[in-house]
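Numbering follows numbering that gives the first Met the number 0, in which position 70 of the sequence shown is assigned residue number 69; successive positions increment by one, without gaps. In this text, a Cβ means the ideal position worked out from N, Cα and C, and glycines have one as well. It should be emphasised that the depicted structure is a prediction, and the values quoted were computed from it without experimental measurement. Written out below as C-alpha cells is the structure these notes cover.
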Amino acid sequence: MYDRFMALKLIELWLAEDIGNYDLTAQLMVDPSASATFYMNAREPITVAGIEVAATVFQHYDPRVEVKIQAADGQQVDKGTLLMVVSGPAQSLLTAERTALNIIQRLSGIATETRKYVAAIAHTKARLLDTRKTTPGLRMLEKHAAACGGALNHRLGLDNGVMLKDNHIAVCGSISNAVARARQAAPALTKIEVECDRLEQVREAVAAGVDVIMLDNMPIPEMREAVGIVAGRAQLEASGGIRLDTIAAIAETGVDFISTSKPLQSAPAVDIGLDDSF
C-alpha cells in the first residue's frame, strides 16, 4: 500500500513536467465544450499495478472526469482486457492521457516482471524480496508494484531496520561488536540483519544472535552449507547476482528469502493503450 498524499504530490510534479504552461495541441484542436470517452486496455498479458494512481491522474487534473476502474492492482489479465473507462471534457482527457499511461505502464511492467521471479520459486519455501534500488522519488510506488507482483517489501527506507554491511562491521571491528552495539541502542522489536559473504561470518553472526543473515553473492554450495550451519536459528536471505535463470536453484538451497533489484531496475514498460473504442 502506498501513501496517497505523497502520490498526489508526485502527480502534480508529473503533470507540470509534461504540460508546461498548457497543452498547445488540445487548446488548438479541441473545442472546450467537447466531451469524450476513452477505454484503457491491456495490449499484452500483464499483472496490473498503479490502476488507482492512473485514475487519480485524470481526476486530479480535472475533477469533472469520471473514471470507472475495471481491474484491480495485482490482477493478472490477458491481452485485450479493459482496465479503465474515462469520460469527461475531451481537452482534459487528452492532456492527462500520457502521464496516466506512463505511470501505469511503468508500474505494471514491474509487477509483471516480478511475477515471473515469484513463479520461478513457487515450488520452494523462499519468498521474493525487493530492494532499495528504486528510481529516486518513485520508491513507494515501485515497491507497491513489486508487492502487486507477489514480492514482499524489504526496507522502505534506512529507518525501517538495522542492516549491518561490511563497512559497518569494519568500523566496529567485528560482527559480534557491531551486533552488540546495535542491540544496545535499537528499539526493542527491531530486527537486526547482518551481511555475510563467508561461512565463518555466518557462524559468527549466528553466535551473536542476529535475526536475519544475508548471504551476499555466495556460491550455491556454500549457501546450502550456510543453511545447515544456521539450522533455523536465524532467517536467511540470499542476495547478489540473482537472475531469473538462477533464482530457482538458489531457492532450493533452503533459504527463507531472496532479494533482488532486477524486476525494479530492468522491467520494461508494458503495452497499455487508451482508445476511443473497445
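Do A71 and I109 have their CB atoms nearer than 9 Å? no
Kindly indicate which residue of V84, P44, I103, N40 has the alpha-carbon position closest to the one of W13. I103
Could you pull out every residue in the same chain whose Cβ sits closer than 7 Å to the Cβ of A89, ignoring the five residues on either side in sequence? V29, A33, S34, A35
Using a Cβ-Cβ cutoff of less than 8 Å, which residues in the same chain neighbour V161 once the five nearest sequence positions on both sides are dropped? A181, A185, T189, K190, I191, E192
Rounded C-alpha distance that separates G73 from A150: 11 Å
For L273, write down the residues that DSSP places opposite it in a beta bridge. M39
Taking the Cβ atom as the reference point for each residue, do E236 and L81 lie within a distance shorter than 9 Å? no
Per the DSSP calculation, T46 is bridged to which residue(s)? Q75
Can you grab the Cα-Cα spacing for the pair V205 / V52, in whole Å? 43 Å
Classify Y21: buried if its beta carbon has 16 or more other beta carbons within 10 angstroms, exposed otherwise. exposed
Any idea what DSSP makes of M217, helix, strand or coil? coil
Go ahead and label H122 buried or exposed: buried means 16 or more other beta carbons lie within 10 angstroms of its beta carbon, across all protein chains shown. exposed
Considering only the beta carbon of each residue, do L273 and L100 sit closer than 9 Å? yes
Cβ neighbours of R232 in the same chain (closer than 6 Å, five flanking residues each side left out): V205
On the DSSP letters alone, give me the boundaries of the beta strand (DSSP E) that N261 sits inside. According to the sequence displayed, residue 261 carries Lys and not Asn. Element bounds for K261: not the beta strand (DSSP E) but the alpha helix (DSSP H), 261-265.
Beta-ladder partner(s) of E194, from DSSP: M213
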